Structures are given as structure tokens and as C-alpha cells.
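These notes concern the structure reproduced below.
There are 2 protein chains.
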Amino acid sequence: MASAELGSSGALLRVLALLLLPGAAPAFKPASIGWSPSSTVRGTLTASDYKTLYYTQKTDHFGFDEDSSFKQRYLLADKYWNKDGGPILFYPGNEGDIELFCNNTGFMWDVAEDFQAMLVFAEHRYYGQSLPFGADSYADSKHLNYLTSEQALADFVVLIRFLKESIPGAGNSSVIAIGGSYGGMLAAWLRMKYPDVVVGAFAASAPIWQFEDLVPCDSFYDIVTNDFTKSGNGCSQSILNSWNAINRVAVTDEGIQWLSSTFHLCCPLQGKDDIGYFKSWLTETWVNLAMVNYPYEADFLQPLPAWPVQVVCKFLSNPSLDDKTLLQNIFQAINVYYNYSGNTQCLNISQAATASLGDKGWSYQACTEMVMPFCADGVNDMFEPQPWDFKSYAEDCFKQWGVTPRLTWITSEYGGKNICSHSNIVFSNGGLDPWSSGGVTKDITDTLVAVFIPEGAHHLDLRFRHPDDPESVVRARELEIKYMKQWLRKTRSSL
Amino acid sequence: MASAELGSSGALLRVLALLLLPGAAPAFKPASIGWSPSSTVRGTLTASDYKTLYYTQKTDHFGFDEDSSFKQRYLLADKYWNKDGGPILFYPGNEGDIELFCNNTGFMWDVAEDFQAMLVFAEHRYYGQSLPFGADSYADSKHLNYLTSEQALADFVVLIRFLKESIPGAGNSSVIAIGGSYGGMLAAWLRMKYPDVVVGAFAASAPIWQFEDLVPCDSFYDIVTNDFTKSGNGCSQSILNSWNAINRVAVTDEGIQWLSSTFHLCCPLQGKDDIGYFKSWLTETWVNLAMVNYPYEADFLQPLPAWPVQVVCKFLSNPSLDDKTLLQNIFQAINVYYNYSGNTQCLNISQAATASLGDKGWSYQACTEMVMPFCADGVNDMFEPQPWDFKSYAEDCFKQWGVTPRLTWITSEYGGKNICSHSNIVFSNGGLDPWSSGGVTKDITDTLVAVFIPEGAHHLDLRFRHPDDPESVVRARELEIKYMKQWLRKTRSSL
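Pasting the structure below:
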């Protein structure tokens with residue numbers, strides 16, 4: 003499953019950019035993560051594998067003054083669907099073009115035949131082609147007003163109802179929601195809020211608890227740091243030392259020029275203000291590497307070798323070098339991420355991954371509902387100390403979008419940690435994935451269960467099967483399939 | 003529990019008015035039902051029984067462009083509350099002034115000591131004093147945009163969180179939602195959508211299924227008719243015959259004058275157009291009588307004797323009389339409803355009950371989310387045939403409020419009949435109550451249970467205990483209390 007973390011990562015990095023540069027207009031563009039089907043991955047899809055369809059949705063499900071509509075895109079594959087009761091596996095789209103999620107949720111394609119299932123991938127409003135106001139959708143806070151998780155869930159509910167009422171046989175099909183990252187949060191919330199619509203949800207790497215103080219704000223960076231610490235001697239210490247090395251080198255204009263040249267930056271740094279952006283970009287790079295630390299060569303955020311963090315860490319074994327030598331090694335390390343193909347001419351600090359995702363949309367969502375507190379202390383993690391500062395975060399959001407984020411809304415709306423009244427949700431998380439910090443990693447009840455994949459990075463289990471999959475992800479998928487079949491059996495037997 | 007049915011009745015009557023007069027601007031004012039504490043009822047409250055408080059709510063919980071706030075009123079009584087774990091009984095206000103519900107939900111006051119409970123009555127936005135835009139709240143569809151059940155539920159959730167976080171000890175208090183009629187629907191939906199916030203809900207006379215085709219559209223009037231059929235020989239037949247009698251008499255201007263004079267109307271009927279309003283008002287009167295057909299003298303919609311339908315039916319034993327004699331008897335019958343006190347000088351067809359409730363607000367809600375199909379056939383019921391005509395209904399709504407009702411939204415949002423995944427809700431209904439047509443009258447699961455009160459009119463069980471309560475309502479309350487205690491025990495034992 004690709005691209006899911008993009009937005010999340012974008013959100014995270016927005017936070018960093020804001021914290022590093024309080025008061026500065028967030029000129030730093032959040033990461034935009036592109037994806038193209040990798041030849042190293044089994045099961046690439048072709049255009050004939052699914053139909054592209056559109057459904058007319060109300061722009062505002064929760065009010066009646068704005069009575070306009072827009073076309074929501076969805077993709078449908080029914081090759082293996084058993085019209086006589088086969089289920090619908092429904093992907094609630096994340097913050098991006100739905101084709102990316104369709105192409106990258108190999109798990110659903112891998113199990114479709116076994117489940118005799120119809121696959122549906124529904125695009126999230128305000129992303130891809132599903133723009134409520136066309137080119138004006140992002141014009142201002144008035145046009146953006148209908149970009150919320152609640153509206154997106156309502157779209158999914160209304161679409162599922164339409165499918166069940168309009169496709170012969172589908173009325174008898176149970177629906178299971180499957181999603182990763184923000185799409186996993188939506189899958190879980192869909193089950194929580196509309197249990198009549200989906201019989202269960204499989205939420206992979208879904209940080210539903212990355213809000214308020216439900217988890218410590220430093221967990222995320224701790225996990226990133228651990229990945230690097232475990233992947234090579236001196237690795238995380240080198241990165242920790244690099245921040246002060248940068249600060250010392252950047253004291254002079256000459257030093258700033260040296261940084262631009264050493265890191266092969268496409269646009270040279272223009273002075274001290276840019277140093278903050280430069281460090282944010284490095285931070286984002288380390289985070290992304292941790293997220294895609296997959297056991298096989300893959301092309302997700304960038305084309306990368308197997309276990310990329312180990313490859314990176316080979317350049318970072320000595321943290322005690324002089325500043326410039328250390329930073330030259332840092333460049334070699336990030337060059338693994340940005341130039342594994344060998345074709346990159348220069349590095350662009352406004353982009354931490356190739357891109358066609360909705361980073362603008364997620365930035366708005368992070369400035370309204372999706373307020374995720376992050377912090378670093380530079381002691382237990384390898385990052386510069388950065389407290390969580392909601393006030394400054396909110397000020398910058400208002401500057402950028404004209405909206406004020408609501409810190410406590412998501413936990414009020416979706417229940418925070420008190421979700422034990424719900425049922426039939428599998429939460430999977432990977433031990434290498436920074437986002438597991440906000441995930442459900444322990445069983446809550448018999449039917450709200452956690453699947454943990456020690457060797458897993460960000461929703462590894464949602465990817466196509468691969469010969470180099472570690473045993474833990476193979477077992478995880480078996481469990482996930484077992485639970486999904488249980489929900490379907492129970493629903494059938496209760497009819 | 004008083005006044006709940008007002009809005010509902012108002013909604014119903016708006017429907018009637020619309021159907022009777024397609025194309026006519028709905029000049030007919032929906033009923034407004036007032037209430038004043040009756041001396042025949044035990045346990046009247048005084049000002050010192052509760053505190054009046056205000057909480058600042060977001061005007062729009064589901065969007066960020068409108069960032070204003072308003073003061074929501076709530077009433078709090080903690081005389082019997084055990085700070086060490088005593089529960090909070092929470093009334094989600096209906097379409098009206100919250101003091102009415104506070105004063106009329108005797109059940110909660112009767113059980114407060116036994117439960118060692120805090121009582122909270124929260125006013126519904128756009129009613130009473132809780133007006134998001136003050137005097138402009140009803141100015142146009144833009145100002146009315148935030149009057150929805152979802153926004154109201156969000157208010158309740160945010161308020162409960164505030165209470166639990168700000169009142170010492172309340173953090174350990176489980177919350178049970180209790181409501182009647184629309185307030186009962188809100189109580190049930192609160193549990194369905196926010197099970198982390200309320201451990202259970204007691205929904206009295208809550209017609210959560212009075213939508214789309216979940217129940218036959220004629221059930222409501224069938225029940226009204228049955229009440230009259232059972233209450234006296236010839237009674238419902240007399241009423242059925244009265245419509246054509248009116249039509250025949252109203253053929254001439256002289257006949258219309260005769261009707262105005264015979265019915266002691268404050269404002270004489272001005273021609274044939276008014277005959278529709280006149281018949282709507284009579285219909286509303288029969289419906290209201292069925293709703294408040296209580297076993298003891300009460301002052302709810304109007305001051306009334308015990309079993310008022312029986313008293314009314316004494317005038318309607320002979321359906322075969324000539325038109326004018328029959329209609330003179332109809333006047334005597336409705337005079338029981340409008341003039342039991344003997345002080346009424348004339349009858350006002352724009353009002354079917356004394357009033358201080360939010361009929362305008364409910365009219366808007368009925369024209370947006372709360373689309374309840376009703377119909378009559380004049381064969382199985384005692385009313386003039388009236389098909390359910392959504393198109394004409396929608397056109398009239400647009401004329402009145404500038405909004406288009408959404409016929410299928412409520413069932414999509416709240417699950418329609420597929421609610422078996424939820425838990426801990428008691429639905430109570432009365433056999434004499436027309437609104438039981440849309441209620442849950444059979445157990446769905448072990449924890450979604452129905453309590454039926456054959457001798458009960460509209461949420462009789464929520465009223466104060468009374469010496470003349472039939473055995474069935476006494477037993478119903480015992481059951482309701484038993485379930486509520488079960489929820490609390492289970493929650494405590496799972497801590």
C-alpha cells in the first residue's frame with residue numbers, strides 16, 4: 003500500500019516546519035509522495051483490472067444551505083465477485099489520488115479470489131479528481147469547509163448504500179472496510195460510526211491515538227531513532243551530532259555555501275532562514291526512511307534498496323568526526339534515499355519524495371481536525387529538541403488557511419481511547435513504523451484486536467505478497483484474513 | 003414528560019397542511035404546545051431544585067469556516083449525586099425550551115435519589131435560549147444551517163466532556179441518556195454514535211423508524227383511529243363521516259359561516275381555502291387527544307380529564323346523524339380538548355395547544371433531515387385520504403425555508419433498521435401512542451430491548467409517578483430502572 007503515509011508524513015513535517023520557524027509563513031512545501039508501480043513488486047495492475055466510475059455526492063452532508071453536488075470517483079473490480087453473497091472489500095481513500103491506493107493495496111488484490119469479493123476503492127473528497135468545487139476547491143476556507151473526515155465517511159456510507167441498491171446481488175454483500183494510514187483511520191471510524199454499513203474494518207498502520215495526550219508526543223521520533231540505532235553502530239548518534247554540526251557550519255555565509263554545494267542542492271540556501279527548512283527536510287528524510295524500511299527493494303516514496311536504513315547507516319558509523327566530514331557522510335546517507343537510481347542531478351529541499359499526492363489537502367486537515375502533537379528532546383531521540391507548542395501551531399494554521407485547529411475535537415468525535423464498545427476491527431502495526439506510536443498495538447476486546455509485525459514498516463501487510471516478506475508479515479496477513487472471514491461467517495449465520 | 007410531542011406533532015401537522023393544500027404557501031402555523039406544571043401531578047419543581055448554567059459551544063462542529071460560538075443553556079441538579087461514582091442522568095433536549103423538559107421528566111426526578119444521580123438537562127440548539135445567532139437565528143437558511151441532529155449530538159458530547167473534566171468527581175460518573183419523543187431519538191442516537199460518552203440510553207416514545215418506508219406510512223393514523231374506535235361506539239366512524247359533512251356544508255358561503263359560528267372560531271373562515279386549514283386543525287386535535295390519552299387528569303397539551311378520548315367519544319356515539327347535527331357533536335367533542343377549564347372564549351384554528359415551544363425550528367428540521375412520511379386512506383383510518391407525496395412536500399419546504407429535504411439521509415446516518423451492532427438501549431412505547439408506529443416495539447438483541455406499555459399514551463413512563471398509573475407503566479418503569487442499573491453495574495465491574 004503506497005502513498006498513505008504521504009499525507010501523514012506531510013502533516014508531521016508541517017508541524018516541524020512550523021516549530022522550527024515560529025512566526026515564519028510556512029513557505030516550506032510539505033512533502034508530496036509520488037508512487038509508480040514497481041517492477042520488483044508482484045501483481046501490478048492494468049487498466050482493465052477495474053472500472054473507473056463516478057457518484058454524485060452532496061457537498062455538505064451535515065447542512066442544507068450549501069446544496070451543491072460533486073462527482074466522487076471510485077474504482078470497482080468485480081472479476082472474482084460472487085454475486086450470491088460474496089463480500090465487498092471497500093477501501094476508504096486517503097489524502098490522495100485513489101488510483102495510487104488502488105494500485106498499491108496489493109493485499110486486497112491478493113485475497114479477492116479467495117474471498118470471491120468485489121473490490122471498491124473510493125476517492126476521498128478534495129483529492130484526486132473528487133473536487134467539490136473543481137479548480138476552486140482550495141481557493142479559500144469557505145471552499146475548503148467541507149474537507150473533514152466526517153464528510154468523507156458520509157460519502158463512503160452514501161456510496162456503499164448506492165452500490166448495494168443499484169448493483170444486482172450487492173444487497174446481500176457484506177462490506178468490510180480496509181485501509182492504511184489515514185485510510186486505516188477512516189476504515190476504523192467507518193466501523194465505529196456506521197456499524198450497519200460495514201461488518202468490520204481492517205485498519206493497517208492507523209494512528210487513531212496520535213491526538214492530544216493519548217500517547218506521549220515523543221514516541222514517534224523515538225521509534226525513528228530506534229530504527230537507526232538498531233541498523234548500524236553510531237548511526238543515530240551521527241545524525242544527532244549532525245544538527246549542531248550544521249549550526250556551527252552555517253554561522254558563516256561561506257559555511258552556508260559549503261552546505262549547498264556539499265548536499266548538491268538544486269537551489270542554494272539563501273541565508274540563515276533557510277537552515278531551518280534544510281534541517282526540516284533532513285528530518286523528513288530520516289522519518290521517511292524509517293517508514294519505508296522494507297525488507298525488499300521497493301519503489302514507494304523513492305526507489306530504494308532492501309532494508310534501506312541499514313544501507314544508509316553504513317555511511318554513519320562514526321559520530322565523532324569533525325563537522326564537515328560528518329556532514330559529508332550525512333550527504334552520502336541521504337543520497338541513498340534521493341539517488342538510489344543514480345539519475346538524480348541535484349537535491350530539492352522542498353520535496354522529500356516524488357509526488358502526486360494531496361499535500362495541500364492534508365495540510366488543511368492537519369490545521370483543522372487532524373492536530374497530532376509531536377515533540378523531540380534530542381536526548382532520547384536523534385532530533386533537535388522541539389517542544390509541542392499548540393499556540394504557535396494554531397497561529398501558523400490561521401496564517402496559512404484562515405482556520406483555527408481544534409485540539410480536542412477528534413477525540414470527542416471518535417472516542418479517544420474509550421473504544422471498547424465497538425467491535426470487529428483489526429488494527430495492525432509494524433515495529434519499525436514510526437506511526438505505530440499512535441496505533442492500537444494491544445488487543446482491547448475479543449473483537450477489537452491488534453496484530454503486531456515486529457519487522458514491519460508502514461503497513462507492510464497491505465502490500466502485495468513478496469518472496470522476501472518476513473515470516474511475521476505472512477503470519478499477520480493470515481490472522482487478518484482469519485478475522486475477516488469470522489466477521490463474514492457471523493453475519494451470514496445471523497441472517 | 004411534556005412538550006416532546008409538540009414538535010413531532012407540529013411536524014406531522016405541517017405534513018398534513020402541506021398535503022391538504024398543495025401549492026399553497028404554508029401560512030398555517032404548526033401547533034405550538036405549551037405546558038404548565040399541573041397541580042394534579044406529584045413532584046412539581048421549584049427554582050431551587052436546579053441550577054441554570056451556560057456552556058460555550060462551537061456553532062459548527064463539522065466545519066471550520068464558521069468559527070463562531072454560542073451559549074448553550076443547561077440545567078443541573080446534584081442534590082442526590084454521589085460524587086464518588088454516582089451516575090449522571092443526561093436529558094438531550096428536544097425541540098423546545100429546556101425548562102419544559104426539565105419540569106416534565108418526572109421519571110428522572112423520581113429516581114435521582116435511588117441512583118444517587120446528578121441530573122443534567124441540556125437545551126437543544128436553536129430552541130429556548132440556546133440560539134446560535136440570537137434573534138437572527140431563524141433569519142434565513144444560512145443562519146439555520148447549523149440546526150441538525152448531528153450538531154445537537156455533538157453539543158451534548160462536548161458538554162458531557164466538559165462536565166466530566168470540570169466537576170470534581172464527575173470524571174468517574176457514568177452517563178445515561180434519557181429522553182422522550184425527539185429527545186428519545188437523540189438519546190438513542192447518542193448511544194449509537196458516541197458509546198464512549200453514554201453507557202446506555204433510555205429512549206421513550208422515540209419514533210426512530212418513522213422514516214422512508216421503514217414502517218407503513220399509514221400506521222400512525224391507524225393507531226389514532228384505534229384509540230377512538232376502542233373508546234366509544236360509533237366514535238371513529240363519526241369522525242370519518244365528519245369530513246364529508248364539512249365538505250357538503252362548506253359548499254355555500256352560508257355553510258362556511260355556519261361552521262365558523264358552530265365551532266366558535268375566533269377568526270371566521272374566509273372561504274373555501276380555509277376549509278383545508280380547518281380540517282387540518284381538527285385532524286391535529288384528534289391526534290393530540292390520542293397522544294395525551296392519559297389515565298389521570300393532566301395538563302399537558304391542554305388541561306384535560308382522565309382518559310380524555312373516552313370523554314370526547316361520549317359526544318360521538320351516532321355517526322348516522324344529518325351533517326349539521328353530526329358537526330355540532332364534533333364541536334362538543336373538541337370542546338373537551340379546548341375548553342375543559344370552561345374559560346375559553348373562542349377557538350383558534352392556528353393553534354391546537356397552548357404554546358411556548360419551537361414549532362418553527364421543528365418545521366425547519368422536518369424540511370431538512372426529519373422527513374417523516376405519513377398517509378391516510380379513509381378506509382382503515384378515520385381521516386380523509388391523503389397519499390404521501392414527497393415531491394409536493396419538498397416543493398413546499400423550499401418555498402418556506404429555501405431548503406430541499408433529504409428523504410434518505412436519516413436512515414443512512416443512523417442505520418435505519420440495521421441497528422443490531424449497538425447495545426444498551428431501552429426503547430419504550432405506549433400502545434395508545436400514535437408515535438409507537440415508528441418506534442422499536444420488539445427486542446432486537448439482549449441489550450437493545452423494547453418495553454411496551456399497552457395502556458400508555460406518549461411517553462407516559464417519563465412522567466412523574468401517579469396514583470392512577472396503570473400497572474403496565476409501573477412495571478415498565480421497574481424494567482427501565484433494572485436495565486439502567488445493569489449498565490452501570492457492568493461499567494463499574496469493567497473498570
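If you read the sequences in order, they're chains V and C.
The numbering used here puts the first sequence at residues 3 to 497.
The numbering used here puts the second sequence at residues 3 to 497.
Idealized CB from N, CA, C, for every residue including glycine.
If you're wondering where the values come from, they're calculated on a predicted model, not measured in any experiment.
Under the rule that 16 or more other beta-carbon atoms within 10 Å means buried, what is residue i, buried or exposed?
i: V/PRO469; result: exposed
i: V/GLN388; result: buried
i: V/ASP398; result: buried
i: C/ALA27; result: At C/ALA27, the pLDDT of 26 sits below 50, so the modelled position is not reliable and the matter cannot be decided from this model.
i: V/ALA49; result: exposed
i: V/PRO456; result: exposed
i: C/ASP463; result: buried
i: V/ASN243; result: buried
i: C/PRO436; result: buried
i: V/PRO317; result: Per the sequence presented here, residue 317 of chain V reads as Phe, with Pro not at that position. Classification of V/PHE317: buried, given that the 10 Å Cβ count is 16 or more.
i: V/PRO310; result: buried
i: V/LEU212; result: Residue 212 of chain V is actually Gln in this sequence, not Leu. So V/GLN212 counts as buried.
i: C/ASN431; result: buried
i: V/LYS232; result: exposed
i: C/LYS281; result: buried
How big is the Cα-Cα spacing for residue i and residue j?
i: V/ALA203; j: C/GLY202; result: 24 Å
i: V/ASP275; j: V/PHE164; result: 52 Å
i: C/ARG408; j: V/ALA156; result: 14 Å
i: V/TYR93; j: V/VAL122; result: 6 Å
i: V/ALA119; j: V/SER414; result: 35 Å
i: V/LEU55; j: V/TYR76; result: 5 Å
i: V/LEU133; j: V/LYS73; result: 8 Å
i: V/SER40; j: V/ALA368; result: Here V/SER40 scores only 35 on pLDDT, less than 50, and its place in the model should not be relied on; the value that follows carries that caveat. Approximately 30 Å between the Cα atoms of the pair.
i: C/LEU328; j: C/LEU284; result: 14 Å
i: C/ARG250; j: C/ASP325; result: 8 Å
i: V/PRO297; j: C/GLY181; result: 56 Å
i: V/ILE169; j: V/TRP83; result: 12 Å
Based on the DSSP output, what are the partners of residue i in its beta bridges?
i: C/LEU464; result: Answer is none; C/LEU464 lacks a bridge partner.
i: C/VAL177; result: C/ILE90
i: V/ASP301; result: V/PRO305
i: V/GLY432; result: V/ILE455
i: C/LEU78; result: C/LYS53, C/VAL122
i: V/ALA205; result: V/GLY181, V/PHE429
i: V/LYS73; result: V/THR58
i: C/TYR513; result: Residue 513 of chain C is absent from the structure shown; chain C starts at 3 and stops at 497.
i: V/GLN504; result: Any answer about residue 504 of chain V is impossible in this case: the structure gives chain V only from 3 up to 497.
i: V/LEU450; result: V/ILE427
For residue i, report the span of its beta strand (DSSP E) as first-last.
i: V/MET120; result: 120 to 124
i: C/PHE230; result: First-last for C/PHE230: 221 to 232, but that is the alpha helix (DSSP H), not the beta strand (DSSP E).
Where do the ends of the alpha helix (DSSP H) carrying residue i lie?
i: V/LEU188; result: 184 to 195
i: V/PHE400; result: 392 to 403
i: C/TYR296; result: Premise fails: C/TYR296 is in no alpha helix (DSSP H) and is neither H nor E.
i: C/ASP255; result: 255 to 264
i: C/ASN337; result: 325 to 340
i: V/GLN312; result: 310 to 315
i: C/GLU115; result: 108 to 117
i: V/ASP157; result: 151 to 168
i: V/CYS269; result: Looking at the DSSP string, V/CYS269 is not in any alpha helix (DSSP H), and its letter there is neither H nor E.
i: C/TYR416; result: 411 to 416
i: C/TYR148; result: Premise fails: C/TYR148 is in no alpha helix (DSSP H) and is neither H nor E.
Worksheet entry | Residues within the segment 57 to 78 of chain C neighbouring chain D, beta-carbon criterion of under 9 Å | Considering every chain present, this structure includes no chain D. Its protein chains are V and C.
Discussion item. So if I threshold CB-CB distances at 8 Å, which residues from the segment 136 to 155 of chain V count as touching chain C?
Written reply: SER143, LYS144, LEU146, ASN147, TYR148, THR150, GLU152, GLN153
Practice prompt. Return the residues of the segment 413 to 428 of chain C that lie within a Cβ-Cβ distance of less than 9 Å from chain V, sorted by chain order.
Written response: THR413, SER414, GLU415, TYR416, GLY417, GLY418, LYS419, ASN420, ILE421, CYS422, SER423, HIS424, SER425, ASN426
Discussion item. Please identify, using Cβ separations under 9 Å, the residues of the segment 196 to 222 of chain C that lie next to chain V, in order along the chain.
Written reply: TYR196, PRO197, ASP198, VAL199, VAL201
Worksheet item: According to a CB-to-CB cut-off of less than 8 Å, which residues of the segment 466 to 489 of chain V neighbour chain C?
Response: none
Item to complete: Could you please tell me which residues of the segment 152 to 186 of chain V, in chain order, have their CB closer than 8 Å to any CB of chain C?
Response: GLU152, GLN153, ALA156, VAL159, VAL160, ARG163
Discussion item. Tell me which residues of the segment 366 to 378 of chain V have at least one Cβ-Cβ distance to chain C shorter than 7 Å, keeping chain order.
Written reply: THR370
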